[in-house]
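Q: Sharing a structure below in structure tokens format, with a few things to ask.
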Amino acid sequence: MIIDELPLLELFHRLQEAGLPLGIDEYHLLLRSLQAGFGLPNRAALARLCCNLWVKSAEEKQIFDYHFEQVMQKPVSQSKAVVFTSITEVEQQKVTPRLIRYGALGGIVVLILGSVLMVQSFNNNQQKPTPASSSTPTPTPTSSSTPTPTPTSSSTPTPTPTKTFTPSPTPTQIPTPIPTPIISDNFFTSENFLLILITLVLGSVMLLSRISRAKRRKLADKFSTQPNQNRKITTLPAQLNKRETDEIQIAQTLRKAVTKQGFLLNTNYLPVTRRQMKQSWRYLRRLVREGLAVELDVEATVNEIGRQGMLLEPVFVSPRVNRIKLILLMDRDGSMVPFHSLSQRLAQTALQGSGLNQVKIYYFHNCPTGYLYHDPTHVEAEPVSKVFQQLHSQCTSVLIFSDGGAACGRWNRERIELTAEFLQQLRQQVRYLAWLNPMPRYRWQGTTAGEIACMLPMFEFNRRGLDDAIAVLRGKTN
């Protein structure tokens, strides 16, 4: 039987949902026991190991048997498929957001570059000079002068030179060549840019979707097409793979426990867990021998053999029976409203799973004067004197759960006097009495709780305080 092939996670979650007080420590303990070699020979051995570690009462045993049969009826391949599916889902959850981020960044970069190029193209088109229209050149007159003759010595007057203006020939009009269209000047227009951007964005989206689909298909094929014999993990000695296997199993447990919102839904935020309360209640015992003598007294039988020289008749004694009777007095409402869940858990664990046969719970407000109530809403009342008549001094232990005024931080003389009067009457009926205070000890000073703590043993409500209070109720300490 290979540990990795066992559907332990599914069984663990089923039992948690059914109400068993199981945590990571209990699951870790089971893994360590399996790696040490316990519970591996067959299915019955595994069931016994889980019962010894997780089950503490007959009711929990019935719940465990039902879910164990339901889980173990499934083939191993289904349980492995569940693990592989969860791994695939986790990988997909890691890959998809990353692709979306990359795609968004790529789209933003493309839009920015496209916008810059569009602006530059628009500016270039605005700054390009327009070609000047061709005009006919104006003819300019040219002056032609007659050369002056060389003067002679005769007396003939010298003629004055005359200038004649001859117009220059009109230049012929040269036709303006028609420019050929240049593709680079008109290509980067707004329409072309829009088409380019749309094409790039659509191409990026299609590429990302294909990549994501290919990764999902690759991960699915990796676990679906792999042969079963290749999926088996070779078991190493416990000393080598102990820590690695534990970390993997715990990580898978935490991964399944995390909800879609990304946080753990856990109610074990109280100072004492449900399991710890049940464990502490089991120490509250006062054993008395009652009934028929059906239990063998080994020591007396051995002594009888020493005196007689042979075994003539074994010595029997009556079995031990837990005859303790627990009375819980719960302070309700007012300053105790924040501690209702804690008081409810204390009462539930005392009634179920504690091994106590006689448990009675009464409620009061601030100080138990006049009446005690059977329900938290203070409807079913019973006089205090009648409750005192039902108490047995040798077998009854009383545990009071109240803040004693420490939650408000006040000092009330009237409450101190009424509490002292009630405790005096209660001590006349019972011998073992203790007080549990949900407020820390440093908050008792200067309040009514500090004065009450001088009248009887008062303990802070944590694991050690609960154990000390139960020790007082057993009569071990004063």
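Residue numbers (our numbering): 119 to 596. Where is the CB? At the ideal position from N, CA and C, for every residue including glycine. Just so we're clear, the structure is a prediction, and the values are computed from it rather than from any experiment.
Taking the continuous beta strand (DSSP E) assigned at M576, which residues delimit it?
A: Note, M576: beta strand (DSSP E), M576 to E578.
Q: Which partner residues does E413 have in the DSSP bridge list?
A: DSSP lists V435 as partners of E413.
Q: Please state whether DSSP places V71 in a helix, a strand or coil.
A: Residue 71 lies beyond the residue range present for the chain, which begins at 119 and ends at 596; the question has no answer from this structure.
Q: Within a Cβ cutoff of 8 angstroms, which residues of the same chain sit near L410, ignoring the five residues on either side of it in sequence?
A: Excluding residues within five positions, the ones whose Cβ falls inside 8 angstroms are S436.
Q: Where T352 and L164 are concerned, what is the direct C-alpha to C-alpha distance, given to the nearest angstrom?
A: Any reading at T352 is ruled out, since the residue's pLDDT is 39, under 50, leaving its predicted position unreliable.
Q: Taking the alpha carbon of I230 as the reference point, which residue from L444, G593 and L318 has its own alpha carbon closest?
A: Residue L318 is the option with its Cα nearest to I230.
Q: Is it buried or exposed, T495, if we count other Cβ atoms within 10 angstroms and call 16 or more buried?
A: By the neighbour-count rule (16 or more Cβ atoms within 10 Å), T495 is not buried but exposed.
Q: Go ahead and pull the three-state DSSP assignment for W399.
A: Reduced to three states, the DSSP call for W399 is helix.
Q: With a threshold of 8 angstroms on Cβ separation, who are the neighbours of T467 within its own chain once the five nearest residues in sequence on each side are excluded?
A: Cβ within range, chain order: R392, M395, K396 and W399.
Q: Spatial neighbours of F540 within its chain, please: CB distance less than 8 angstroms, with the 5 preceding and 5 following residues excluded, ordered by chain position.
A: The residues are C485, P486, T487 and V502.
Q: T258 by DSSP, collapsed to three states: which one?
A: Caution applies to T258, whose pLDDT of 46 falls short of 50 and renders its modelled position unreliable; the value that the coordinates give is listed next. If DSSP states are grouped into helix, strand and coil, T258 belongs with coil.
Q: My understanding is that G522 touches A567, with C-beta atoms under 8 angstroms, so please give their C-beta distance in whole angstroms.
A: Between A567 and G522 the Cβ distance is about 3 angstroms, and since that is below 8 angstroms, they are a contact.
Q: Run the CB neighbour count on K504, radius 10 Å, all protein chains shown included, and call it buried at 16 or more, exposed below.
A: Exposed, by the Cβ-count rule.
Q: Pick helix, strand or coil for A154, following the three-state DSSP scheme.
A: Note: A154 maps to coil in three-state DSSP.
Q: Considering only the alpha carbon of each residue, which of E535, N440 and A525 lies closest to M573?
A: Checking every option, the nearest Cα to that of M573 belongs to E535.
Q: Give the C-beta separation of M448 and F519 to the nearest angstrom, bearing in mind that I take them to be a contact with Cβ-Cβ under 8 angstroms.
A: Indeed, because the Cβ distance is near 5 angstroms, the residues count as touching under 8 angstroms.
Q: Given that a residue counts as buried once 16 or more other Cβ atoms are within 10 Å of its Cβ, and exposed if not, what is R450?
A: Classification of R450: buried, given that the 10 Å Cβ count is 16 or more.
Q: According to DSSP, is L138 helix, strand or coil?
A: The answer is coil: DSSP assigns L138 none of H, G, I, E or B.
Q: L405 and V439 look like a contact to me (Cβ under 8 angstroms); what is the Cβ gap, rounded to whole Å?
A: Correct: roughly 7 angstroms between the Cβ atoms.
Q: Please give me, in chain order, every unbroken run of the alpha helix (DSSP H) with length at least 4 that falls completely inside the segment 512-577.
A: Whole alpha helix (DSSP H) segments, 4+ residues: 531-545 and 566-570.
Q: Rounded to a whole number of angstroms, what is the C-alpha to C-alpha distance between R531 and A571?
A: Cα to Cα, R531 sits roughly 14 angstroms from A571.
Q: Would you say the beta carbon of P159 comes nearer than 7 angstroms to a heavy atom of the ligand HEM?
A: The ligand HEM is not part of this structure, which contains no ligands at all.
Q: Compute the Euclidean distance between the alpha carbons of W529 and A176, then round it to the nearest angstrom.
A: Each residue's alpha carbon lies about 47 angstroms from the other.
Q: What first and last residue would you give for the alpha helix (DSSP H) that runs through F506?
A: That run of the alpha helix (DSSP H) goes V502 to Q507.
Q: Once DSSP output is grouped into helix, strand and coil, what is the label at M428?
A: Looking at M428 - three-state DSSP - the assignment turns out to be coil, as it is neither helix nor strand.
Q: Can you tell which of E187, E408 and D585 has its C-alpha closest to the C-alpha of R161?
A: For R161, the nearest C-alpha among the options comes from E187.
Q: What's the C-alpha gap between V323 and K336?
A: Computed Cα separation, rounded: 20 angstroms.
Q: Should S263 be labelled buried (16 or more other beta-carbon atoms within 10 Å of its own) or exposed?
A: Any reading at S263 needs caution, since the residue's pLDDT is 44, under 50, leaving its predicted position unreliable; the model's value is listed next. That one is exposed.
Q: Identify whether N170 lies in helix, strand or coil by the three-state DSSP scheme.
A: Residue state, collapsed to three classes: helix.
Q: If the criterion is Cβ atoms closer than 8 angstroms, does the pair L509 and E500 meet it?
A: Taking 8 angstroms as the Cβ cut-off, L509 and E500 do not qualify as a contacting pair.
Q: Does the segment 150-161 come close enough to the segment 131-140 that 3 or more CB-CB pairs lie under 8 angstroms?
A: Touching, no.
Q: On the three-state DSSP scale, how would you describe D449?
A: Three-state DSSP puts D449 in a strand.
Q: Could you tell me how far apart the beta carbons of E422 and V433 are, in whole angstroms, since I believe they sit closer than 8 angstroms?
A: The Cβ separation is near 6 angstroms, so the contact holds.
Q: What is the residue span of the beta strand (DSSP E) that V477 lies within?
A: Where V477 is concerned, the enclosing beta strand (DSSP E) stretches over Q476 to F482.
Q: Straight-line CA distance for A589 to Q543?
A: Whole-angstrom Cα-Cα distance: 22 angstroms.
Q: Could you pull the start and end residues of the beta strand (DSSP E) that Y387 belongs to?
A: From DSSP, Y387 is part of no beta strand (DSSP E); its letter is neither H nor E.
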